[in-house]
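Numbering (my numbering), first residue to last: 1 to 430.
Glycine is no exception: its CB is placed at the ideal position from the N, C-alpha and C atoms.
Everything below concerns the one structure shown next.
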């Protein structure tokens with residue numbers, strides 16, 4: 001039977017800027033977001049890459065309700081706040097004055113329309129007086145502010161009448177010192193204003209921001225968007241089948257859900273490619289069965305191959321760590337990760353587990369200490385930041401090392417131990 005509505009493939013499956021029509025609400029995530037957004041708390045949405053963090057926000061909020069500040073590795077606290085002010089309609093120019101720290105202040109200009117009285121020429125009332133009318137004029141108010149002072153930012157935003165949610169995307173790209181500084185300011189924003197921040201980042205640690213600033217406890221709500229149960233992944237596929245009037249055979253769906261490693265972005269991409277292969281560009285008039293198990297496996301390998309150059313570069317750069325050391329811990333951490341079972345990498349590797357595996361292979365096993373591994377793990381984020389390795393692939397949080405890029409897991413599955421030894425320049429002792 002023909003479907004009632006015609007849908008384009010690009011709006012059903014795949015990764016795009018807009019929320020796909022196959023968006024599925026998840027218990028404990030979507031309902032939690034809707035509840036927390038009304039509680040006068042800042043919201044932190046975190047999880048691995050391509051897990052629907054941005055879609056969660058876009059699905060439940062209208063575009064007019066928020067502004068988006070895009071973080072980068074070069075962003076400073078001052079540049080982020082300046083971007084925020086510009087989104088609020090505040091024109092910012094560099095001032096001649098300097099802050100106590102010796103940096104230039106900003107001249108924040110607020111322009112507003114006001115109605116002022118005036119007497120129109122040639123217009124005389126019955127009593128012989130000029131007629132008093134009103135004229136709309138633009139009035140500009142200037143403020144000299146320190147762009148790193150959250151108090152100044154709050155003051156200008158309130159005068160500007162700003163009332164939208166403030167979304168900070170890719171918070172994980174920021175230098176750790178900048179992340180910590182903003183975490184301290186979030187407390188101030190909560191206490192002295194009604195502004196609500198929505199922080200979005202790639203990490204799995206629930207209490208990341210409260211570790212930076214313990215005073216945020218009770219002032220933020222955290223939502224882990226990473227968890228996709230198989231039932232929700234199957235529901236996404238079924239929604240797409242209905243919208244396009246196609247059917248994926250049951251064995252195909254099973255291989256697809258398993259092969260995507262619990263990542264919605266990868267599942268969406270493979271579904272798109274399956275439809276693309278069978279020329280399904282829009283809703284079919286008659287239901288069509290498409291795809292094979294081998295199709296899915298081939299496409300998963302293809303996705304990994306497309307990223308192979310980036311992943312090889314990641315392994316090489318990450319293995320360098322923060323400098324030349326005798327133990328070369330980051331090489332061994334890399335090798336242990338890529339030779340571990342995939343299911344363990346999604347759950348996370350604990351330091352003690354890593355230590356014993358590394359010591360069993362390391363040429364200096366007699367001098368290797370547990371603390372050597374732990375110290376290296378605590379710098380995992382800094383190593384990736386130093387070498388500009390983005391998006392993140394490794395995250396050490398909650399006392400576990402986790403792979404937060406599902407495509408990297410597929411890359412691991414399609415390469416041998418010998419290839420990884422070559423990439424890392426290792427001679428493994430067994």
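Item                                                                                                                              : Value
Rounded separation between residue 236 and residue 242 - CA only                                                                  : 10 Å
Unbroken alpha helix (DSSP H) run spanning residue 232, endpoints                                                                 : 230–244
Given 8 Å, three or more beta-carbon pairs between the segment 300–319 and the segment 403–410                                    : yes
Contact under 8 Å by Cβ, residue 384 with residue 394                                                                             : yes
Residue 191 in three-state terms, based on DSSP                                                                                   : helix
Beta-carbon proximity list for residue 386, same chain, < 8 Å, skipping 5 on both sides                                           : 322
Residue(s) in a DSSP beta bridge with residue 221                                                                                 : 43
Residue range of the unbroken alpha helix (DSSP H) whose run includes residue 311                                                 : 308–320
Residue 339 to residue 19 span [Cα, whole Å]                                                                                      : 36 Å
Distance, residue 372 Cα to residue 23 Cα                                                                                         : 44 Å
Cβ-based neighbour list, residue 230, same chain, cut-off 7 Å, excluding 5 preceding and 5 following                              : 257
Three-pair Cβ contact test at 8 Å for the segment 354–364 versus the segment 319–338                                              : yes
Three-state secondary structure assigned by DSSP to residue 79                                                                    : helix
DSSP bridge partner residues for residue 289 (one or two, in chain order)                                                         : 247
Neighbourhood of residue 283 by C-beta distance below 6 Å, restricted to the same chain and skipping five residues each side      : 3, 6, 7, 244 and 245
Buried versus exposed, by CB contacts within 10 Å (16 or more), residue 251                                                       : exposed
Among 255, 166, 426 and 375, the one whose alpha carbon lies nearest that of residue 70                                           : 166
Chain-order list of residues whose beta-carbon lies under 8 Å from that of residue 431 (same chain, five-residue window excluded) : The displayed coordinates of the chain run from 1 to 430. Any statement about residue 431 would go beyond what the structure contains.
8 Å contact criterion, which residue 210 and residue 216 should meet: CB distance rounded                                         : 5 Å
Cβ shell of residue 292 (< 7 Å), same chain only, five flanking positions each side left out                                      : 252
Residue 279, buried or exposed, once every other Cβ within 10 Å from all chains shown has been counted against 16                 : exposed
Extent of the continuous beta strand (DSSP E) run through residue 70                                                              : 66–70
Backbone CA spacing between residue 419 and residue 375 [nearest angstrom]                                                        : 27 Å
Backbone CA spacing between residue 275 and residue 403 [nearest angstrom]                                                        : 29 Å
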